[in-house]
Amino acid sequence: MKKILITGGAGFIGSHVVRRFVNKYPEYQIYNLDALTYAGNLENIIDVENKSNYTFVKGDVVNEDFINELFNIHNFDGVLHLAAESHVDRSIEDPLAFVKTNVIGTINLLNAAKNQWKDNFEGKRFYHISTDEVYGSLGIDGLFTETTSYDPNSPYSASKASSDHFVRAYGETYGLPYVLTNCSNNYGSYHFPEKLIPLFINNIINNKPLPVYGDGNYTRDWLFVEDHAIAIDLVFHEGKNHETYNIGGFNEWKNIDLVRLLCQIMDRKLGRKKDASEKLITYVKDRPGHDLRYAIDASKITKELGWKPSVTFEEGLEKTIDWYLNNQEWLQNVTSGAYKDYYKKQYL
Ligand code: NAD
Ligand code: TYD
Numbered sequence: 001m002k003k004i005l006i007t008g009g010a011g012f013i014g015s016h017v018v019r020r021f022v023n024k025y026p027e028y029q030i031y032n033l034d035a036l037t038y039a040g041n042l043e044n045i046i047d048v049e050n051k052s053n054y055t056f057v058k059g060d061v062v063n064e065d066f067i068n069e070l071f072n073i074h075n076f077d078g079v080l081h082l083a084a085e086s087h088v089d090r091s092i093e094d095p096l097a098f099v100k101t102n103v104i105g106t107i108n109l110l111n112a113a114k115n116q117w118k119d120n121f122e123g124k125r126f127y128h129i130s131t132d133e134v135y136g137s138l139g140i141d142g143l144f145t146e147t148t149s150y151d152p153n154s155p156y157s158a159s160k161a162s163s164d165h166f167v168r169a170y171g172e173t174y175g176l177p178y179v180l181t182n183c184s185n186n187y188g189s190y191h192f193p194e195k196l197i198p199l200f201i202n203n204i205i206n207n208k209p210l211p212v213y214g215d216g217n218y219t220r221d222w223l224f225v226e227d228h229a230i231a232i233d234l235v236f237h238e239g240k241n242h243e244t245y246n247i248g249g250f251n252e253w254k255n256i257d258l259v260r261l262l263c264q265i266m267d268r269k270l271g272r273k274k275d276a277s278e279k280l281i282t283y284v285k286d287r288p289g290h291d292l293r294y295a296i297d298a299s300k301i302t303k304e305l306g307w308k309p310s311v312t313f314e315e316g317l318e319k320t321i322d323w324y325l326n327n328q329e330w331l332q333n334v335t336s337g338a339y340k341d342y343y344k345k346q347y348l
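Listed below in structure tokens is the structure:
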């Protein structure tokens with residue numbers, strides 16, 4: 001039986017990856033390591049908690065002794081590393097927290113894996129999940145490819161870029177078998193409502209202002225989270241060692257256009273008057289260092305591994321909105337407590 005460690009599996013993307021691996025691979029023993037920060041929530045994976053091939057481990061990737069001990073006990077065959085501080089706005093407030101988890105935490109895992117596997121790398125794999133934000137900002141045209149130079153602009157993307165470099169360095173220096181993916185903005189269920197789409201869905205439900213940064217003419221490529229989980233499964237099993245794959249939705253939207261579409265769908269679903277939600281749009285102070293545009297050329301993973309998104313943006317957004325409308329208790333639970341202080345500081 002293969003023992004697989006997934007880190008950050010109580011977060012947004014990690015919970016979808018854990019669910020997929022636990023259900024699809026009963027022959028694997030899946031260990032989900034998560035510190036349960038504000039972004040981690042056991043409710044996100046409640047449906048797998050009693051499965052016999054699943055174990056949850058609460059712990060911090062920054063704690064070197066704990067990570068070494070965990071590897072000594074379990075002798076993992078593979079690691080899918082998703083644990084991270086993930087929100088750009090929070091990274092502007094507290095860059096060091098991002099260095100600790102995203103850089104030191106990644107190095108702790110790399111060291112533990114390298115030390116455990118060094119005598120025989122056969123059949124082992126370290127998969128680092130990263131972001132397209134490491135490439136910096138595009139102008140109005142062009143796409144990020146796997147060979148685009150790194151040029152991170154936010155403390156978040158700088159920390160992810162650093163972790164990516166360490167992963168490659170461990171591959172070159174010690175021969176660690178790794179794969180790395182850089183993905184565009186995800187959306188879908190269990191997304192913490194500090195990020196654009198779930199924040200705005202929650203605010204529309206509660207008739208609160210929709211804070212659009214700057215002029216709203218910033219562009220992101222959006223991918224349905226379940227399609228990201230499918231891509232991660234594919235790369236983990238079929239990707240080539242020491243390779244990077246870009247993952248994207250072929251789906252660019254200017255923030256303001258996306259927000260207007262969201263408002264229209266929400267008005268229809270909530271039975272509100274046309275334009276009711278658009279009236280909530282409020283232009284607010286821009287994010288410092290705000291990247292103008294991200295867009296991914298995902299042709300390598302399509303050509304080499306046969307992956308492409310399975311749902312259109314319209315389908316994915318409908319599913320996402322329905323999920324939030326049907327899971328308002330989840331929204332209420334995650335927006336209580338410390339989130340309230342963050343929200344007040346950020347937007348009021
Ligand atoms: P998230 O913030 O929703 O979840 C992060 C998870 O990591 C949480 O469960 C949290 O409790 C856990 N965690 C944080 N610090 C930890 C620590 N020190 N030790 C152990 N666990 C810790 O993040 P997400 O959006 O699911 O992103 C997952 C990964 O995918 C990240 O590495 C992120 O950089 C990357 N990524 C995200 C996106 C996106 O659009 N969300 C896009 C591309 C790549
Ligand atoms: P976000 O979801 O934070 O993802 P990222 O910064 O990692 O791309 O933001 C997506 C876009 O939406 C980004 O251009 C910033 C913008 N944005 C707003 O305009 N208002 C908001 O309240 C938030 C959270 C984001």
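Using full-length UniProt numbering, you'd call the opening residue of the sequence shown number 1 and step up by one each time.
Cβ coordinates follow ideal geometry from the N, Cα and C atoms, glycine included.
The structure presented is a predicted model; accordingly, all values stated were derived computationally and were not measured.
Report the CB separation of VAL167 from THR282 in whole angstroms; it is logged as a contact under 8 Å.
So it is not a contact: roughly 40 Å between Cβ atoms.
- Item | Pairwise C-alpha distance: GLU64 and TRP330 | Rounded to the nearest whole angstrom, the C-alpha separation of TRP330 and GLU64 is 33 Å.
> For LEU348, is the classification buried or exposed, using 16 other Cβ atoms within 10 angstroms of its Cβ as the cut-off for buried?
Replying inline: Of the residues assessed, LEU348 falls on the exposed side of the cut-off, its CB having fewer than 16 other CB atoms within 10 angstroms.
**Q.** Alpha-carbon to alpha-carbon, ASP215 and ASP286
**A.** 8 Å
Inter-residue spacing [alpha-carbon to alpha-carbon] between GLU315 and ARG20: 20 Å
Exercise. Could you check the C-alpha separation between residue 364 and THR244 for me, to the nearest Å?
Key: Nothing about residue 364 can be reported from this structure: the residues present for the chain run from 1 to 348 only.
Handout entry: Given LEU258 as reference, the closest of ARG220, PRO288, PHE250 once Cα atoms are compared
Key = ARG220
*Please report how far the alpha carbon of ALA161 lies from the alpha carbon of LEU110, in whole angstroms.*
15 Å
Query raised in the report: Between the beta-carbon of VAL88 and the beta-carbon of SER15, is there less than 9 Å?
Result: no
Query raised in the report: Hey, quick one: how far does the alpha helix (DSSP H) through ILE201 stretch, first residue to last?
Result: 196–205
Is THR101 helix, strand or coil by DSSP? helix
- Query: Roughly how many whole angstroms lie between the Cα atoms of ALA295 and ALA158?
  - Reply: 18 Å
| message | Taking the beta strand (DSSP E) that PHE126 belongs to, which residues open and close that run? | response | 125–131 is the extent of the beta strand (DSSP E) around PHE126.
DSSP-derived helix/strand/coil call for ILE265: helix
What does DSSP give as the partner residues of PHE56 in its beta bridges? ASN32
**Q.** Completely contained alpha helix (DSSP H) runs for the stretch 126–180, where each covers 4 or more residues
**A.** 155–174, all fully within the stretch 126–180.
*Is SER189 closer than 9 Å to ASP164 when the C-beta atoms are compared?*
In this structure, ASP164 keeps its C-beta atom at 9 Å or more from the C-beta atom of SER189.
Measuring CA to CA, which of ASN327, ARG293, LYS114 is closest to TYR170? LYS114
Q: Please report the Cβ distance between LEU292 and TYR218, rounded to the nearest whole angstrom; I am assuming they are in contact, meaning their Cβ atoms lie under 8 Å.
A: Yes, they are in contact, since the Cβ atoms of LEU292 and TYR218 sit about 6 Å apart, within 8 Å.
Next on the checklist: Which residue wins for smallest C-alpha separation from ASN202, given the options ASP151, TRP323, ILE6?
Outcome noted: It is TRP323 whose Cα lies nearest to the Cα of ASN202.
Practice prompt. Check whether the stretch 263–274 touches the stretch 229–248, counting contact only when three or more Cβ pairs, one atom from each stretch, lie closer than 8 Å.
Written response: Between the stretch 263–274 and the stretch 229–248, the count of Cβ pairs shorter than 8 Å is below three; the stretches do not touch.
So who's on the other strand from GLU252, going by DSSP bridges?
ASP221
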